[in-house]
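Below is one structure, written out as structure tokens; comments come after it.
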Amino acid sequence: MRVVFIGPPGAGKGTQSQRLLKYLQVPHISTGDLLREAVRNRTNQGLLAEKYMSEGCLVPDPVMIDLVGKRLDDPDCLGGCLLDGFPRTLGQAQALDRYLTEHSGPLDGVLELKVNENVLIQRLAGRGRSDDEPKVIRQRFRTYRDRTEPLLEYYRVRGLLESIDGIGTQDEVFDRIRQALTRLGERIKSTRGA
Ligand code: AP5
Ligand code: MG
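Per our numbering, the very first residue in the sequence shown carries number 139; after that it's consecutive.
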């Protein structure tokens, strides 16, 4: 399956991806993790990305599209993938559609994890990543609302969106995700005749 995770900072995309990758048996591609690795290794992409990340802003689309395109070219992604944190803009979503049309199969679904900001602030306060300080968190929320939330409509009209309540224990949220995947599977069967 080819699945995208969308959700605000701290919604649990990374946490649930760890469970989902075992369930779906596909690689987990977290653009945040790829970027943090590039920053650690002082690559050109990492050096460019660092400033945007530390301010809670998005790394420019061309950098992200190149980074993800290269990862999707790896043979382990042929059978499917779980994208966590990509796409985050309309330009990235369109680039992903183009890539998948040219290289593999279509996207099977988009999972939105919904969590309100009060809960998110508590979760991030307890984690302590370098971009988890209050000022940067506020900017990450703004960036999510302005640049990424519009994607929900993009995917809703394409019949790909499943919205999931992300509040509860990790087990409860994962159960909801499994149910959402079942609904997506049924929808795919009826629309693609597969
Ligand atoms: P990224 O690393 O993707 O950060 P994010 O979207 O802000 O999300 P987080 O990783 O903080 O949260 P999460 O949803 O994964 O939650 P988690 O599972 O960790 O991106 C970082 C930066 O990179 C961006 O700001 C941007 O600059 C850049 N970037 C990345 N992708 C980009 C792109 N496509 N385009 C441009 N720029 C890009 O959980 C959070 C905490 O909550 C954890 O402590 C966890 O233990 C806890 N938790 C999880 N689930 C539960 C639960 N059910 N109950 C209680 N606690 C829970
Ligand atoms: Mg994450």
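Every residue gets a Cβ at the ideal spot worked out from N, C-alpha and C, and that includes glycine.
**Asked** Under 7 angstroms, do residue 176 and residue 184 count as touching if we go by C-beta distance?
**Response** yes
**Prompt:** For residue 142, does the count of other Cβ atoms within 10 angstroms reach 16, so buried, or fall short, so exposed?
**Reply:** buried
**Asked** What three-state label does DSSP hand residue 257 in the structure shown?
**Response** helix
**Request:** Report whether the distance from the Cβ of residue 196 to the nearest heavy atom of the ligand AP5 is below 6 angstroms.
**Result:** Answer for residue 196: yes, Cβ within range of the ligand AP5.
**Prompt:** Touch check for the segment 291–308 and the segment 203–217: three-plus C-beta pairs under 8 angstroms?
**Reply:** no
**Item:** Cut-off 8 angstroms between Cβ atoms - residues of its own chain near residue 321, not counting five sequence neighbours on either side
**Value:** 300
**Item:** Beta carbon of residue 196 nearer than 7 angstroms to that of residue 281
**Value:** yes
**Request:** Pull up the distance between the alpha-carbon of residue 147 and that of residue 330, whole angstroms please.
**Result:** Straight through space, the alpha carbons of residue 330 and residue 147 are spaced by roughly 33 angstroms.
**Request:** Measure the C-alpha to C-alpha separation of residue 265 and residue 216 and round it to an integer number of angstroms.
**Result:** 33 angstroms
**Message:** According to DSSP, is residue 240 part of a helix, a strand, or is it coil?
**Reply:** In the structure shown, residue 240 falls within a helical segment according to DSSP collapsed to helix, strand and coil.
**Integer Cβ distance of residue 151 from residue 246, believed to fall under 8 angstroms** = The Cβ separation is near 17 angstroms, so there is no contact.
**Asked** Quick one: what does DSSP say residue 175 is sitting in, helix, strand or coil?
**Response** helix
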